[in-house]
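Chains as they are written, first to last, in the UniProt record's numbering: chain S, 1 to 109; chain F, 1 to 109.
Beta carbons are placed, not taken as given, at the ideal position from N, Cα and C, and that holds for glycine.
Everything numeric in this text was worked out from a predicted model, so none of it was measured.
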DNA sequence: CCGTATCCGAATCGATACTG
DNA sequence: CAGTATCGATTCGGATACGG
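And the structure:
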């Protein structure tokens, strides 16, 4: 009825990428697939437990794909699914804003 | 060495809008300024405590402005600062994704 | 109308140790 | 290499009551 009751689809998208780490993980996976320890190094300050949790979460939401190579030593690659790739405009907007208003140096409080 | 060490400015932007509610609040404030109880009605399921907290958080990050009218009954209006307005592309991207992949019906779990 | 204060259970998260 | 298990500290978050 009113102009007041608009839809709010931002909730869902933020629900998928809205944690503390998911945006960053997506940011890196947007470029190319990565292995577990690569992500550990790329995402500063994340613990194994957290990274595992975030990856599982993204996977269960159909955003990333987890490919296990049956070999020793174990090797697992994470990549974006088509759904995950569709989030690239969002990640790009996030990145563009960050560069413009924070600067290239990365996160500073 | 450095193909791996890219910058990641998504962290900062998500830090500002990444909570459960901030995206939705921003989404509505993008359109026009709102009063406290308007937001209460717009954001389904949020409590007074939470709304207050989120608004204070956004305010302290310079994203929204809180204008108090010194009158009875009290009247407070929240609006986007220039910095807040600069986040509109991000909110738009979030919204566009939501519409495309979830549908107009709003958030469905 | 627009908040703040307090209580209290639930969820989160870092650190650490262990496994195939 | 890529995780899982467990513990304890911190924070989150709803319900309720109160205040300007």
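Item	Value
Contact set for residue 68 of chain F: own chain, Cβ-Cβ below 7 angstroms, skip 5 residues either direction	76
Outcome for residue 52 of chain F when other beta-carbon atoms lying within 10 angstroms are tallied against a minimum of 16	exposed
Any C-beta of chain S under 8 angstroms from that of residue 81 of chain F	no
For residue 64 of chain S, the nearest candidate out of S/38, S/100, S/26, S/98 (CA to CA)	S/26
Residues near residue 21 of chain S in its chain [Cβ-Cβ closer than 7 angstroms; skip 5 each side]	43, 46, 50, 54
Chain S contact for residue 63 of chain F (CB, 8 angstroms cutoff)	no
Closest Cα partner of residue 99 of chain F within the set S/58, S/31, S/90	S/90
Nearest neighbour of residue 33 of chain S, chosen from S/93, S/92, S/78, S/9 [CA to CA]	S/78
Contact set between residue 47 of chain S and chain F, taken where Cβ atoms lie within less than 7 angstroms	What residue 47 of chain S touches in chain F: nothing, since even the nearest Cβ is about 16 angstroms away.
Any beta strand (DSSP E) of 3 or more consecutive residues that is wholly inside the stretch 13-95 of chain F	64-69, 75-80
8 angstroms Cβ cutoff, residue 27 of chain F in contact with chain S	yes
Closer than 9 angstroms at the beta carbon, the chain F residues around residue 86 of chain S	97, 100, 101
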